[in-house]
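Residue numbers (the working numbering), protein chains in the order written: chain A, 2 to 336; chain B, 2 to 336. Remarks on the structure that follows.
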DNA sequence: TGTCTGTATGACAACGATTTCATGGGGAAT
DNA sequence: ATTCCCCATGAAATCGTTGTCATACAGACA
C-alpha cells in the first residue's frame, strides 16, 4: 500500500508536509504543494482511513440499528440516511436486529470499540432503559453521537427524531369517522412497542373525542412482528369470530395488507365493507389494488434531520434535542 | 479509553502479555492469565477494533453494494448477509447505489483505503468492466475479497453467486404455456442490465422452444428502475395501444405489481384476463390480492454462500468460483 | 555442579497518519 | 547593518494493538 512516506519521498518532502497539503489548514508553499499533489496523483495515493481513525480517536462510520430492514419504512430510512451520510463523507454500518433484542445489547457492547462517529437507533422495541442507559452513556462519553429515530428517548438525554404517531393515528380515525365507518378496529404492537402504543393512543383518543367507545375486542395487540402475516391472522380470527367492524387502523402498512388479504379471502369488498388504513406510506402502497390509504411517514425528512445532527458536529448550529416530523394522511382507495 | 496499557499495569504485566491472553494462541501461565482476565473484567476493557485493523492491515467490515435497498430482494439480501456476517464477527457496511452508477465508481475508489475484509457487489447495472476491472483488481491485490451476487462476473475472475435467471424465466413461461395463456409479454431492463437480459433470454428461449413467436411489441424494455411505476406505465401504454396479451412476465415483483395495477385500473380480471408472474418472491407477494405468482430467489441461500466465502478465508475449504442458486417458481393466484 | 533446553514474559518496533515542537531562512523594520 | 518576526518545513511523538526478538528463570540431565 502506498503511504504518506512513499508520497513524501517521491516529492522530496517530509510526511508531515504531505499531511499538511491534504489537510489544507496550514500554509504550504505553492511550489511544494504542487510537487506533493503531483506525487499523490502519480502514485495514486489514498489516505488510509483506518490509520486516520486511530489517530483521530474516531472514524467516519455511523451505525444504523434497524428493527427489520425488510420493512418498507426501515429500508427507506436506510436508503435516505445512507444518502445523507454519503454527502457528508460518512459511511453507514447496518445492524439489523430482526426483532432480537439480545443483538442490540451485543452491539452496544461492541460499539465503543468500533470508532464510530455516531449511532442511529431506530428499532421499535421498548428498550429496557434501566439496563441500557449506562451502555449508552459510556458510548456517548467516548464521543459517539447517539440519536434515536422514531422512538422518543429525549427524556434520557438522547437526541430524538420522531414522527407524530398520535396525530397521525388521530387523523386516520377522523377520516374514517367522516366516512361513517364505525366501529374502527386497531391492530399493532401495543404492550411491546412504544411506537405502537403511541399509535394506539392516537386511535383511542380520537375515538373518545368523537364520542365513540373503545371496544377491547376490536383492539388486537400482536405480540411480535409488524409483518403482514400477523395482520392476516389477527383479522382472520376477528372475522371468524363474527366481530363486526367497518374499518381497521393498522400500525404498519404490512399489517394493513395482511388484514386486507384476510378480508378479501372472505369475499368482503374494500373499502365498502371494510376500510383499511396503514402506517408508513413507503413502497408498494400506491400500486396495490385497492391502493392503500396510509399515514405517511416522511423518511426523507427524518434522514435529513439525522444528517443535520452530523452536520452540526462540524461547526453548524446545534439542533434541538427533539424534533418532530409531521405524519400526513394519504388517502387512496382502501379508505 | 481504557487500553491494553491500562490493563497491563493493573495486572502488573506487560501489554504484550495482555495481548497474548486475548489471542490465546501462545502459552501464558495460568496464574498470570487469571490476573489479566481479572484486570480486563475490572476495567471493562474492550480491544480497540480500529487499532487492530491498522495493525492487521485489514478490518472486520464487509461492504455490501446494493442497487436499491427499497426493493424487496435487496432488503432481504442485506438482512441475511448481515446475519451471516454477524455470526462471523464481521460488520456490514451498506452502500446503496440507488441506480446512480457514479456512486459505484466513487465507492470503489475509496474502498481500498477503508480496510475492508470484503466487498459484495449486488447491483443490477451492467458495469463498464473495461473501466472497472483495474479498480477491482487493485482492491483484490490489497487483500480484499471481492464477490458478486446476482451478476455473473466469474469470467472476470470475481467469485460470483448467481441465481438461475434463465431457468427461472423459462419455468415461468412454461407454466403460463401450460395454462394456455398466450401471448406472453415481458417487461424489464434488457439493454441496461445483465440480469434483466438473462431473464429476457429465458423468456425468449422458452417461447421459441414452445414454438411461439417473440413479438417485439410485447417486449417492454424499460430504461431505468425496477420499480412499480415503470411497470405501471409500460403496461398502461400497451393496453392503451390495444395490444393483445394474456400474460406478463416481469423481471421483478415490483414491476409485476405495477402491471397488475394497470390491468386492474382498466377493469381486467387477474388472472382470467391477464396473468402475471414476478421475479423475487420476497415480501408482500404472499398477501397482495391476488397474491403474486413469482420466480422466487432464495436470498437466504445466497447470503449463506456469501458467508461461506468468508468462512473459507479462515481456513475452511475454498468454495467454487461460481455458485448457482436455483430459482423456484412459486405459483399463487396471479398466474 | 555446570550446561542445556524450554517456557514464560518483557522490551521494542511497526501499522499509517497527524500534530506538536523546534528550527532555519527570508523579509521587514529600525 | 542588525534585530526581530513569521512562514515553511522537518523531526519526533502519538493513537492502541500485535508480533518479533531477546532474556531470565526453572528443571533436567550428565
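Backbone N, C-alpha and C fix where the C-beta goes; we use that ideal spot for every residue, glycine too. None of these values were measured; they are calculated from a predicted model.
Coil, strand or helix - residue i by DSSP
i: residue 134/B; result: helix
i: residue 20/A; result: helix
i: residue 151/A; result: coil
i: residue 275/B; result: coil
i: residue 10/A; result: helix
i: residue 242/B; result: coil
i: residue 216/A; result: coil
i: residue 280/B; result: strand
i: residue 172/A; result: helix
i: residue 37/B; result: helix
i: residue 194/B; result: strand
i: residue 189/B; result: strand
i: residue 92/B; result: strand
i: residue 256/B; result: helix
i: residue 287/A; result: helix
i: residue 249/B; result: strand
Closest by C-alpha distance to residue i, when choosing among the options
i: residue 73/B; options: 223/B, 213/B, 258/B; result: 258/B
i: residue 159/B; options: 121/B, 63/B, 222/B, 177/B; result: 121/B
i: residue 330/A; options: 308/A, 294/A, 300/A; result: 294/A
i: residue 42/B; options: 162/B, 50/B, 3/B; result: 3/B
i: residue 241/A; options: 267/A, 225/A, 224/A, 261/A; result: 267/A
i: residue 104/B; options: 67/B, 235/B, 219/B, 76/B; result: 67/B
i: residue 351/A; options: 264/A, 214/A, 216/A; result: Because chain A is modelled from 2 through 336, residue 351/A falls outside the range shown and cannot be assessed.
i: residue 178/A; options: 214/A, 62/A, 60/A, 322/A; result: 214/A
i: residue 106/B; options: 91/B, 93/B, 92/B, 124/B; result: 124/B
i: residue 260/B; options: 111/A, 205/A, 287/A; result: 287/A
i: residue 231/B; options: 252/B, 113/B, 155/B, 118/B; result: 252/B
i: residue 65/A; options: 86/A, 55/A, 204/A, 36/A; result: 86/A
i: residue 36/A; options: 21/A, 108/A, 48/A; result: 21/A
i: residue 273/B; options: 247/B, 55/B, 49/B, 176/B; result: 247/B
i: residue 193/B; options: 183/B, 170/B, 224/B; result: 224/B
i: residue 13/A; options: 191/A, 323/A, 33/A, 300/A; result: 33/A
i: residue 154/B; options: 233/B, 183/B, 134/B; result: 134/B
i: residue 233/B; options: 285/A, 197/A, 206/A; result: 285/A
Check whether residue i and residue j have beta carbons under 8 Å apart
i: residue 83/A; j: residue 97/B; result: yes
i: residue 166/A; j: residue 199/A; result: yes
i: residue 303/A; j: residue 78/A; result: yes
i: residue 358/A; j: residue 16/A; result: This structure cannot settle anything about residue 358/A, because the visible part of chain A is limited to 2 through 336.
i: residue 208/B; j: residue 185/B; result: yes
i: residue 312/B; j: residue 89/B; result: yes
i: residue 80/B; j: residue 70/A; result: yes
i: residue 292/A; j: residue 228/A; result: no
i: residue 162/B; j: residue 150/B; result: yes
i: residue 164/B; j: residue 298/B; result: yes
i: residue 250/A; j: residue 136/A; result: no
i: residue 296/A; j: residue 278/A; result: yes
i: residue 92/A; j: residue 57/A; result: no
i: residue 51/A; j: residue 281/B; result: no
i: residue 11/B; j: residue 31/B; result: no
i: residue 244/B; j: residue 283/B; result: no
i: residue 7/A; j: residue 38/A; result: no
i: residue 171/B; j: residue 203/B; result: yes
i: residue 141/B; j: residue 109/B; result: no
i: residue 113/B; j: residue 47/A; result: yes
Identity of the residues DSSP links to residue i by a beta bridge
i: residue 146/B; result: 119/B
i: residue 326/A; result: 164/A
i: residue 52/A; result: Partner(s): none; residue 52/A has no beta bridge.
i: residue 62/A; result: 92/A
i: residue 97/A; result: 67/A
i: residue 295/B; result: 279/B, 331/B
i: residue 230/A; result: Note: residue 230/A sits in no beta bridge, so no partner.
| Using a Cβ cut-off of 8 Å, which residues of the stretch 236–261 of chain B contact any Cβ in chain A, in chain order? | 255, 258, 259, 261
| Residues in the stretch 81–106 of chain A having any Cβ partner in chain B nearer than 8 Å | Within the stretch 81–106 of chain A, the qualifying residues are 83, 84, 87, 92, 93, 94, 95, 96, 97, 99, 104.
| query | For the stretch 271–288 of chain B, which residues have a CB atom closer than 8 Å to at least one CB atom of chain A, in sequence order? | reply | Of all residues in the stretch 271–288 of chain B, only 283, 284, 285, 287, 288 place a beta-carbon less than 8 Å from a beta-carbon of chain A.
| field | Members of the stretch 128–161 of chain B that neighbour chain A once the beta carbon cut-off is set at 7 Å | value | When C-beta distances to chain A are compared with 7 Å, the residues of the stretch 128–161 of chain B below that value are 143, in chain order.
| field | Residues in the stretch 217–237 of chain A having any Cβ partner in chain B nearer than 7 Å | value | Only those residues of the stretch 217–237 of chain A whose C-beta falls short of 7 Å from the nearest C-beta of chain B are listed: 229, 233.
| query | Between the stretch 24–55 of chain B and chain A, which residues of the former have a C-beta closer than 7 Å to a C-beta of the latter? | reply | Residues are counted here when their Cβ sits less than 7 Å from a Cβ of chain A; for the stretch 24–55 of chain B these are 47, 48, 49, 50, 51, 52, 54, 55, given in chain order.
| What residues in the stretch 293–304 of chain B have a beta carbon less than 8 Å from any beta carbon of chain A? | Identification of residues in the stretch 293–304 of chain B having a C-beta nearer than 8 Å to some C-beta of chain A yields an empty set.
| query | Listed in chain order, which residues of the stretch 191–204 of chain A have Cβ atoms closer than 7 Å to some Cβ of chain B? | reply | none
| request: Give the residues from the stretch 2–24 of chain B that approach chain A closer than 8 Å (Cβ to any Cβ), ordered along the chain. | output: 2
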